[in-house]
Structures are given as C-alpha cells and as structure tokens.
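*Asks:*
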Amino acid sequence: MSARNLQVRMKRHPNGMVVEDDFSIVEADMPSVEPGQALVRNLFLSLDPYMRPRMDPVRSYVDPLKPGDLMPGATVGEVIDSKAEDLPKGTLVGTFLGWQTHGIVTKAGVRVIDRALGSPSSALGVLGMTGVTAHYGMLALAKPKAGETVVVTAASGAVGSIAGQIAKLKGCHVIGIAGGPAKCRYVVEELGFDACVDYKGGNLASDLNAAAPNGIDVYFENVGGEILDTVLLQMNIFGRIPVCGLISAYNATSVPEGPKNLRVVLTQRLTMQGLIVFDWADRVPEAIRELGAWHKAGKLKIREDVRTGGIDAYPDVLNLLYTSGNNGKLVLKV
Ligand code: NDP
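Positions in the sequence shown are counted from 1; adding 1422 to them yields the numbering used here.
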C-alpha cells in the first residue's frame, strides 16, 4: 500500500480551458480507518464535462469550488482496509471520493458494485451516472413515443450514445449529431441510430432536415449554442427538449449569446426542462437494473475511453471532453 494519498486540488479558477497551473498536487497523509469505516484505493476516476464549469465562481446546482478544494468526481475503487463488517476487504465500490488515490468511506456513502454486471469502469458509465442521466432524460422527461423523431447531440459520447439507443428501443427514428465522419459512422453502424449528422461538415441545418424530413419531436440537448438554435427551427409542435448539458459553453470566457430562436418554444408549444441527475437519486437502482439488463442482452452497446497515467495525468485528459478528443465514456485509470 502506498504510504501517501495523492490528491489533485484546484489552485485557482481557470480562464478558458484548464492548464496545469490551475491545479496543485498534494501528497496527503494516508487517512486512518475508524470503526464503521473502510479505506478505498481508487481504481478508476470518471472524467465528466461538469468538472470544468464546477471550477467557475458562479451560482450553480452545487457550490462552486474554491481554491484549495479537492477536485470532485465519481470513482470506482476497492476496499483495501476495513473496520466495517458490511464492507469487507476486496469489495468493489462506487464512490464520490474525487481526484485522489485513496479515501475513507462508509457503507451508506457508497454503492457496492456487482462485478458480474460489467467491467468495474462501466459503473462510471452505462451502469453509473451517465447511463442514469440518459435513462431519465429520455424516459422520464422526453417520453418518446414509437414513430417519433428523436435527435441527440454528442451522440457518440457517454450520455448521448445511451440516450439514442434507448429511443431506438422505444421504436423511434433516431438521429445523432456528432463531430466528424468517424464518430458519425460509429453512431450509425455500431450504435444503430438511423442517421448521424456531422455538425462540423458545415451544413447542419440542411443535413438535419434531410435526415428528419418530418421534423423533430424530441431533442436531447447536450451541447447548446448554435446547434440548439438550428435544431429549434426544426422542432415539431408539442416537442420536448430535456436540457441535459450545454458543453459548448463550458470553457467560455464571457457570457455566451442566448438562444436566438427561443420564439419557437412559444410558437411550437415546446417543453424545455433542465435535468440534473442527482434529482433522480432514489431511482438509480431501478435505472441501473434496466440498463444492465439491456446491456447484457446486447441491446445497449457501450464504448469506454480508458486513459492511463495516474491521478495526476491532468489537465490534458479532462480537456479531451471539450475538444472532441474522447471516444466514449472518458475514464482515467488511477
Ligand atoms: P461525452 O462522452 O459526450 O464527451 C463530450 C463530447 O461533447 C465530446 O466528445 C464532443 O463530441 C462533444 N462536444 C464538446 N464540445 C462541443 C461543442 N463545442 N459542440 C458540439 N459538441 C461538443 O460526455 P458526456 O456524455 O459525459 O456528457 C455529455 C453532456 O451531458 C455534457 O453536456 C454533460 O455536461 C451532460 N451531462 C449532464 C448531466 C446532468 O445531470 N445534467 C450528467 C452527465 C452529463 P463530438 O466529437 O461529437 O463533438
């Protein structure tokens, strides 16, 4: 066992994309284990788009990070020392220990992971936060009906790939939007979407119109910005837009322009609803059961992008999310 606990802390609020100087590496003492607690060695750290906006000093759904704070994040780890009967050594757990190699947990604060359900890192993706986000965004908010047209942005990524496949399982005509021909090919040929539009191709409006000639009933929003404005103009009456993410603005250095075509929300009587996965915490086991069953039955394909280099392999790995550099759920091997 390493004698030290390596941590990554935010040193200052970044300006634009993160750089090495926005963080500090701290070698903390190994935490001691008290009765009822267990010591976890993190194996995988989930890298997620929210991490960058969490570093901005602005009001959000949780308090922003302050200089000196540990970088937050979901992890999968293994119990390596325990004074908790319900968390014996060797237990695989899902935690929110953040960017550090070790941490103390109690049974109430972790999710025990069933190794038979999938790879340990899948508990950070399809069988974890991003899978649950897609599940609830699509099924509880968008509620797609068979035959409807559904558009999903960041379609090859962790949330988008699952959201689109769920809409396919519900009998919808599903169109992905992704960056570049390779990702679009993956979305159609591997994930089984009906079409995929390359937003970097320069003809988003006309390509989308060709793929969705009957208009769009559900837009699963992961990106915002100009793509949102383009999709809005093609929404059908009573369309639904779960607003899951706005990644195009996460590194903005000034307040981004608002949607120009918001009038369509009025004229087409659209429903736009924000989605924060924490609100659905009590339904996580149910969602994971369903996602796991679909995955096991071969109905839900997943792709993980597992990077190596240890906990201090930042900031380049985090920035992959904002530069189209990841191919599937981004995870760092700790
Ligand atoms: P992904 O695996 O989809 O990776 C991010 C992808 O976003 C990139 O690969 C890139 O795909 C795309 N992207 C980045 N910048 C832009 C841009 N400027 N314009 C268009 N696309 C861009 O990440 P996740 O699946 O983890 O997250 C997807 C979205 O879901 C994010 O907005 C995230 O914040 C949100 N989310 C929200 C949650 C909630 O509770 N509300 C929970 C989890 C995620 P490409 O190569 O196709 O451009």
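Note that the Cβ used here is the ideal one computed from N, Cα and C, for glycine as well.
This structure is a prediction, so every number in the text was calculated from the model and none was measured.
Sort Leu1563, Gly1438, Gly1731, Gly1525 by Cα distance to Ser1676 and report the nearest one.
*Replies:* Within the sequence shown, the letter at position 254 stands for residue 1676. It is Gly1438.
*Asks:* Please determine whether the Cβ atom of Ile1710 lies at a distance below 6 Å from any heavy atom of the ligand NDP.
*Replies:* Mapped onto the sequence shown, residue 1710 falls at position 288. Every heavy atom of the ligand NDP is 6 Å or more from the Cβ of Ile1710, so no.
*Asks:* Return yes when the C-beta of Asp1536 is under 6 Å from any heavy atom of the ligand NDP, and no when it is not.
*Replies:* Residue 1536 sits at position 114 when you count from the first residue of the sequence shown. False, no ligand heavy atom lies under 6 Å from that Cβ.
*Asks:* Cβ of Gly1601 versus every heavy atom of the ligand NDP: is any distance shorter than 6 Å?
*Replies:* Looking up residue 1601 in the sequence shown gives position 179. Yes, since a heavy atom of the ligand NDP falls inside the 6 Å radius drawn around the Cβ of Gly1601.
*Asks:* Select from Val1532, Lys1622, Leu1743, Leu1591 the residue whose C-alpha is nearest the C-alpha of Gly1579.
*Replies:* Counting from 1 along the sequence shown, the entry for residue 1579 is found at position 157. Closest option to Gly1579, Cα to Cα, is Leu1743.
*Asks:* If we ignore side chains and look at the alpha-carbon of each, how far apart do Asp1444 and Ala1600 end up?
*Replies:* Taking the sequence shown and counting its residues from 1, the one referred to as residue 1444 is at position 22. Taking the sequence shown and counting its residues from 1, the one referred to as residue 1600 is at position 178. Cα-Cα distance, rounded: 29 Å.
*Asks:* With burial defined as no fewer than 16 other Cβ atoms inside 10 Å of the residue's Cβ, what is the status of Gly1553: buried or exposed?
*Replies:* Taking the sequence shown and counting its residues from 1, the one referred to as residue 1553 is at position 131. By the neighbour-count rule (16 or more Cβ atoms within 10 Å), Gly1553 is buried.
*Asks:* So, Thr1517 versus Val1501, is the Cβ gap smaller than 7 Å?
*Replies:* Translated into positions along the sequence shown, residue 1517 becomes position 95. Translated into positions along the sequence shown, residue 1501 becomes position 79. Their beta carbons are not under 7 Å apart, which means Thr1517 does not touch Val1501 by this criterion.
*Asks:* What are the boundary residues of the beta strand (DSSP E) that includes Thr1575?
*Replies:* Within the sequence shown, numbered from 1, the residue matching residue 1575 stands at position 153. Start and end: 1571 to 1575.
*Asks:* Let me make sure I understand the geometry here. Which of Ser1468, Arg1431, Ser1446, Leu1428 has the alpha-carbon closest to that of Ile1754?
*Replies:* The residue labelled residue 1754 in the question sits at position 332 within the sequence shown. Here residue 1754 turns out to be Leu, not Ile, going by the sequence shown. Of the candidates Ser1468, Arg1431, Ser1446, Leu1428, the one whose C-alpha sits nearest the C-alpha of Leu1754 is Ser1468.
*Asks:* Using only CA atoms, which one of Leu1713, Met1473, Arg1607, Pro1453 lies nearest to Leu1561?
*Replies:* Taking the first residue of the sequence shown as position 1, residue 1561 is located at position 139. The option with the nearest alpha carbon to Leu1561 is Leu1713.
*Asks:* Taking the DSSP output, what are the residues bridged to Leu1514?
*Replies:* To locate residue 1514, count along the sequence shown from 1; it is residue 92. Paired residue(s): Glu1500.
*Asks:* Is there contact between the region 1531 to 1544 and the region 1683 to 1701, where contact requires at least three CB pairs shorter than 8 Å?
*Replies:* Result no; under three Cβ-Cβ pairs closer than 8 Å.
*Asks:* Should Lys1511 go down as buried or exposed, given a rule of 16 or more other Cβ atoms within 10 Å for buried?
*Replies:* One-based indexing of the sequence shown puts residue 1511 at position 89. Exposed, because fewer than 16 other Cβ atoms sit within 10 Å of the Cβ of Lys1511.
*Asks:* According to DSSP, simplified to helix, strand and coil, what is Pro1664?
*Replies:* For the purposes of this step, residue 1664 is taken as the residue at position 242 of the sequence shown. In this structure, Pro1664 counts as strand in the three-state DSSP scheme.
*Asks:* Which residue wins for smallest C-alpha separation from Arg1426, given the options Val1609, His1524, Val1455?
*Replies:* Within the sequence shown, residue 1426 is the residue found at index 4, counting from 1. The candidate whose alpha carbon is nearest that of Arg1426 is His1524.
*Asks:* Which ranges would you report for the beta strand (DSSP E) in the region 1541 to 1620 if only whole runs of at least 3 residues count?
*Replies:* Counting whole runs of 3 or more residues, the region 1541 to 1620 contains the beta strand (DSSP E) stretches 1571 to 1575, 1595 to 1600, 1617 to 1620.
*Asks:* Distance check for Pro1635 and Ser1424, CA to CA, integer angstroms please.
*Replies:* To locate residue 1424, count along the sequence shown from 1; it is residue 2. To locate residue 1635, count along the sequence shown from 1; it is residue 213. Because the pLDDT at Ser1424 is just 48, under 50, the model does not fix this residue reliably, and the point stays unresolved.
*Asks:* Taking just the CA atoms, how far does Lys1529 sit from Asp1503?
*Replies:* Here the question's residue 1503 lines up with position 81 in the sequence shown. Here the question's residue 1529 lines up with position 107 in the sequence shown. Rounded to whole angstroms, Asp1503 to Lys1529 spans 13 Å at the Cα level.
*Asks:* Return yes when the Cβ of Phe1660 is within less than 7 Å of the Cβ of Val1574, no when it is not.
*Replies:* By one-based count along the sequence shown, residue 1574 stands at place 152. By one-based count along the sequence shown, residue 1660 stands at place 238. No; because the gap between Cβ atoms is not below 7 Å, this pair is not in contact.
*Asks:* On the criterion of 16 or more Cβ atoms from any shown chain inside 10 Å, does Arg1685 qualify as buried, or is it exposed?
*Replies:* Along the sequence shown, read from residue 1 onward, the residue named residue 1685 stands at position 263. So Arg1685 counts as exposed.
*Asks:* Tell me Phe1642's beta-bridge partners as DSSP assigns them.
*Replies:* The residue given as residue 1642 occupies position 220 in the sequence shown. The partner list for Phe1642 (beta bridge, DSSP) reads Val1574.
*Asks:* Flag this pair as yes or no: are the beta carbons of Ala1740 and Val1440 separated by less than 7 Å?
*Replies:* Against the sequence shown, residue 1740 aligns to sequence position 318. Against the sequence shown, residue 1440 aligns to sequence position 18. The question names Ala, but residue 1740 is Leu in the sequence shown. Against a cut-off of 7 Å, the Cβ pair of Val1440 and Leu1740 comes out as a contact.
*Asks:* Assign Met1694 to one of three DSSP states: helix, strand, or coil.
*Replies:* Mapped onto the sequence shown, residue 1694 falls at position 272. Residue state, collapsed to three classes: strand.
*Asks:* Identify, in the order they occur along the chain, each residue of the same chain with its Cβ nearer than 8 Å to the Cβ of Met1790, setting aside the five sequence neighbours on each side.
*Replies:* Any property of residue 1790 remains undetermined from this structure, which presents the chain solely from 1423 to 1756.
*Asks:* Got a sec, what are the start and stop residues for the beta strand (DSSP E) Asn1464 sits in?
*Replies:* In the sequence shown, the residue the question calls residue 1464 occupies position 42. Looking at the DSSP string, the run of the beta strand (DSSP E) that includes Asn1464 is 1460 to 1468.
*Asks:* Mapping the DSSP letters down to three states, classify Glu1456 as helix, strand or coil.
*Replies:* Looking up residue 1456 in the sequence shown gives position 34. Coil, per DSSP.
*Asks:* What did DSSP end up calling Met1423 once you bin it into helix, strand or coil?
*Replies:* On the sequence shown, residue 1423 is found 1 positions in, with the first residue counted as 1. With a pLDDT of only 49 at Met1423, under the threshold of 50, the placement of this residue in the model should not be trusted, and no figure is reported.
*Asks:* Within a Cβ cutoff of 6 Å, which residues of the same chain sit near Leu1668, ignoring the five residues on either side of it in sequence?
*Replies:* Position 246 of the sequence shown holds residue 1668. Excluding sequence neighbours, Leu1668 sits near Gly1646.
*Asks:* Pair every Cβ in the region 1707 to 1722 with every Cβ in the region 1555 to 1569, then say whether three or more of these pairs are closer than 8 Å.
*Replies:* Cβ pair count under 8 Å is three or more, so yes.
*Asks:* When you compare only the Cα positions, how much space is there between Pro1678 and Cys1606?
*Replies:* By one-based count along the sequence shown, residue 1678 stands at place 256. By one-based count along the sequence shown, residue 1606 stands at place 184. Computed Cα separation, rounded: 27 Å.
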